[in-house]
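> Taking my numbering, the leading residue of the sequence shown gets 10, the next gets one more, and so forth. Beta carbons are placed, not taken as given, at the ideal position from N, Cα and C, and that holds for glycine. Since the model is a prediction, treat every value here as computed from it, not as a measurement. Have a look at this one before I ask anything.
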Amino acid sequence: QVQLVESGGGLVQSGGSLSLSCAASGSIFSINHMGWYRQAPEKQRELVARIFLTSGGRTDYADSVKGRFTISRDAAKNTVYLQMNSLKPEDTAVYYCAAEPFIGVVSWGQGTQVTVSS
């Protein structure tokens, strides 16, 4: 089992920046990749970015955030970060950290609100 604690988020004006962090604990060895998902009101949860803990740290991004968001990892702290720049109102959502194991069920963080005002 993996436990995830998120921090960051908040309110920012369009064009601004925010940073999210997600600290993992528990069965870290079982994690294949960690990432960030988001869910806006009345929309499905969608992948924003993910980083593989092996595979040379491969990263994947949603097309809508490429060039604006950067996911990174501090292995010593078991923490994943999401730097969000050039934020747009359409980035407004609850952002969830996720840890996907090689086998088993995805672990989710509690979610943190990101609101971008126009």
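Tell me the DSSP secondary structure of F38 in three-state form.
Here residue 38 is taken as the residue at index 29 of the sequence shown, counted from 1. If DSSP states are grouped into helix, strand and coil, F38 belongs with the helices.
> Along the chain, where does the beta strand (DSSP E) that runs through T88 open and close?
As a first step, residue 88 must be located in the sequence shown, where it is residue number 79. Per DSSP, T88 belongs to the beta strand (DSSP E) from 88 to 93.
> Taking the alpha-carbon positions, what's the S64 to E51 distance?
Start at 1 with the first residue of the sequence shown, and residue 64 comes out as number 55. Start at 1 with the first residue of the sequence shown, and residue 51 comes out as number 42. Between S64 and E51, the C-alpha separation is close to 35 Å.
> How long is the line joining the alpha carbons of C106 and M43, rounded to whole angstroms?
Locating residue 106 in the sequence shown gives position 97, counting from the first residue. Locating residue 43 in the sequence shown gives position 34, counting from the first residue. Distance between the alpha carbons of C106 and M43: 7 Å.
> What does the Cβ neighbour count give for I40, buried or exposed, with the cut at 16 atoms within 10 Å?
Within the sequence shown, numbered from 1, the residue matching residue 40 stands at position 31. By the neighbour-count rule (16 or more Cβ atoms within 10 Å), I40 is buried.
> Out of curiosity, what's the CA-to-CA distance linking T124 and G35?
To locate residue 124, count along the sequence shown from 1; it is residue 115. To locate residue 35, count along the sequence shown from 1; it is residue 26. Taking the straight line joining both Cα atoms gives about 30 Å.
> With a CB to CB cut of under 7 Å and the five nearest residues on each side skipped, what residues in its chain are close to L27?
The residue you call residue 27 lines up with position 18 of the sequence shown. Closer than 7 Å at the Cβ level, and outside the excluded window around L27, lie G17, G18, G19, V21, M93, L96, V123.
> Mind reading off the beta-carbon distance from S116 to L13? Whole number of angstroms is fine, and I expect it under 8 Å.
Counting from one through the sequence shown, the residue named residue 116 turns up at place 107. Counting from one through the sequence shown, the residue named residue 13 turns up at place 4. About 6 Å separates the two Cβ atoms, so the contact holds.
> Anyone know if the C-beta pair for V103 and Q48 falls short of 8 Å?
For the purposes of this step, residue 103 is taken as the residue at position 94 of the sequence shown. For the purposes of this step, residue 48 is taken as the residue at position 39 of the sequence shown. Cβ distance < 8 Å, so V103 and Q48 count as in contact.
> What runs of the alpha helix (DSSP H), each 4 residues or longer, lie entirely inside the segment 73 to 126?
List check, alpha helix (DSSP H) in window: nothing returned.
> By DSSP, does S23 sit in helix, in strand, or in coil?
By one-based count along the sequence shown, residue 23 stands at place 14. DSSP places S23 in coil when its eight states are reduced to three.
> What residues in its chain sit with their C-beta under 8 Å from that of T101, if we drop five residues either side in the sequence?
Mapped onto the sequence shown, residue 101 falls at position 92. Correct list, in chain order: A49, V123, T124, V125.
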